[in-house]
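When you read off a place in the sequence shown, starting at 1, and then add 1154, the result is the number in the working numbering. Just so it is clear, CB atoms sit at the ideal spot from N, CA and C, and this is done for glycine as well.
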Amino acid sequence: MVKLLPPSALRARFVDTATAKFARNVPDFVRLQALVAAQGGHFRNDHGAIRTADPQVCSLFERAARVLGLRRERRYLFPAKKLKSFDLQRVGDDAGAFKIFVSEVDLDAFPAPVAALVRADCAAQAAAVDHGPFIGCIDRFESQGGLDERDATFFVAHFVERLMSRNGPPLARATLDAVARISGEAASALALGPDFNHVTIDVRAGGFDGIEAMATAMRTAGFRLLPAIQGAAGTALRQTATMAATMDTAVLEADGSIGRAQTEKQFVEIIERAQARDDDGTLLWAEDGTPLVFRNFLATNAEKIFDAASTKAATHC
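Rendered as structure tokens:
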């Protein structure tokens, strides 16, 4: 009988593969892992996050996440950023389980000519990749509840290296400029594609007593952080992040040549989760009597975390 890998095993492989890809592209993440190791802690990826402007990519990503045992849970709206988001969670009360925060560029909030430029870029990216075999793996998972070794290997590789990538031509500079004038966060999403724009280190797993201690250690080590920690002391969720490095990104110029634009795309977040409360402020407990740790997200926090990767029109060259 063929052994089928369940969602938990597929999720572990996905996290390892996607995190390794992130480490190849984000030097700050490698440096931060070293800081955690020196502290005597270990890296636990609380969540990763993507941004995409393509509704079809968003839909396929959500369907593929179900293979990993992750389901859509809450919605979050960010009209000032021109983004709408949701979290993908493992069913249950385990706040330590890996999560994904998905943000979709709200094209209806853009002027029609700018939205048309973005849709044209999305179409060019979609035409450059064949997701058919990947969708076949999802179909087989949905019918049998797991994937064999061959399908599992292909599924994870395609998910990380194809679905979570720009597969087509470089972004047109005119599109990047037009979007950046309206939303720096949406511009960063287009420049990167639907890859992890950040992964998140759990503060206490990292060996620190709290988020202030870790943020202080990071600043001392030379990391550039957001100006403030999001979430007041004693609240259920506290977060901060490094500032995304400014990077050269290939863009398509008006004359058809390939140029370079300055963009901010990927950063590292640190997070501290505490006991959840109900709407009246009463502490919540799990069935076994242990504190029920908050496992979702807060829009007020996320709004500021978005600022860590925001490409402004004025930064282009």
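Limits of the unbroken alpha helix (DSSP H) element including residue i
| i | result |
| --- | --- |
| S1342 | 1338 to 1346 |
| D1260 | Counting along the chain, D1260 falls outside any alpha helix (DSSP H), and DSSP gives it neither H nor E. |
| I1412 | I1412 -> not in any alpha helix (DSSP H); beta strand (DSSP E) instead, spanning 1412 to 1418. |
| D1305 | 1303 to 1312 |
| V1333 | 1327 to 1334 |
| K1458 | 1453 to 1459 |
| T1293 | Checking the sequence shown, residue 1293 turns out to be Asp, not Thr. Element bounds for D1293: 1286 to 1298. |
Identified DSSP bridge partners for residue i
| i | result |
| --- | --- |
| F1183 | None, per the DSSP bridge assignment. |
| M1368 | Note: M1368 sits in no beta bridge, so no partner. |
| Q1393 | Q1384, I1425 |
| M1401 | T1417 |
| R1165 | Answer is none; R1165 lacks a bridge partner. |
| P1445 | W1439 |
| R1316 | According to DSSP, R1316 bridges with nothing at all. |
| N1321 | N1321 pairs with nothing; no bridge assigned. |
| R1431 | L1437 |
| L1379 | T1396 |
| L1189 | Paired residues: none, contrary to the question. |
| N1199 | I1355 |
Residue burial classification, residue i (beta-carbon count within 10 angstroms, cutoff 16)
| i | result |
| --- | --- |
| A1191 | exposed |
| P1381 | exposed |
| C1471 | A caution first: C1471 carries a pLDDT of 43, below 50, which makes its placement in the model unreliable, though a value can still be read off. Exposed: under 16 other Cβ atoms inside 10 Å. |
| Q1393 | buried |
| T1436 | exposed |
| E1441 | exposed |
| T1370 | exposed |
| G1376 | exposed |
| A1462 | buried |
| V1333 | buried |
| K1157 | exposed |
| M1155 | exposed |
| T1444 | exposed |
| V1184 | exposed |
| E1101 | As displayed, the chain neither begins before 1155 nor continues past 1471, which places residue 1101 out of reach and without an answer. |
| I1412 | exposed |
| S1162 | exposed |
| R1274 | As written in the sequence, residue 1274 is Ala, which differs from the Arg given in the question. The residue is exposed, with fewer than 16 neighbouring Cβ atoms inside 10 Å. |
| Q1279 | buried |
| H1196 | exposed |
First and last residue of the uninterrupted beta strand (DSSP E) at residue i
| i | result |
| --- | --- |
| F1421 | 1421 to 1427 |
| S1354 | At residue 1354 the sequence reads Thr, which differs from the Ser that was named. Segment 1352 to 1356, the beta strand (DSSP E) holding T1354. |
* Are the region 1306 to 1321 and the region 1373 to 1392 in contact at 8 Å, needing three or more beta carbon pairs? -> no
* Asked: How about the region 1415 to 1427 and the region 1165 to 1183: do they share at least three Cβ pairs that are nearer than 8 Å?
  -> Output reads yes: the region 1165 to 1183 touches the region 1415 to 1427.
* Decide yes or no for the touch test of the region 1268 to 1287 against the region 1238 to 1248: beta carbon pairs closer than 8 Å, at least 3 of them. => no
* **Inside the region 1202 to 1252 only - alpha helix (DSSP H) runs reaching at least 4 residues** => 1209 to 1221
* To do: Evaluate the contact criterion for the region 1455 to 1466 versus the region 1333 to 1340: three or more CB pairs, one atom per stretch, below 8 Å.
  => yes
* Give a yes or no on contact between the region 1357 to 1368 and the region 1431 to 1442, applying the rule of three or more CB pairs nearer than 8 Å. => no
* Asked: Are there three or more Cβ pairs, one per stretch, closer than 8 Å when the region 1164 to 1176 is compared with the region 1226 to 1235?
  -> With a cut-off of 8 Å, the region 1226 to 1235 and the region 1164 to 1176 do not count as touching, because too few Cβ pairs lie within range.
* Specify whether the region 1250 to 1257 and the region 1320 to 1330 touch according to this definition: at least 3 beta carbon pairs, one from each stretch, less than 8 Å apart. => no
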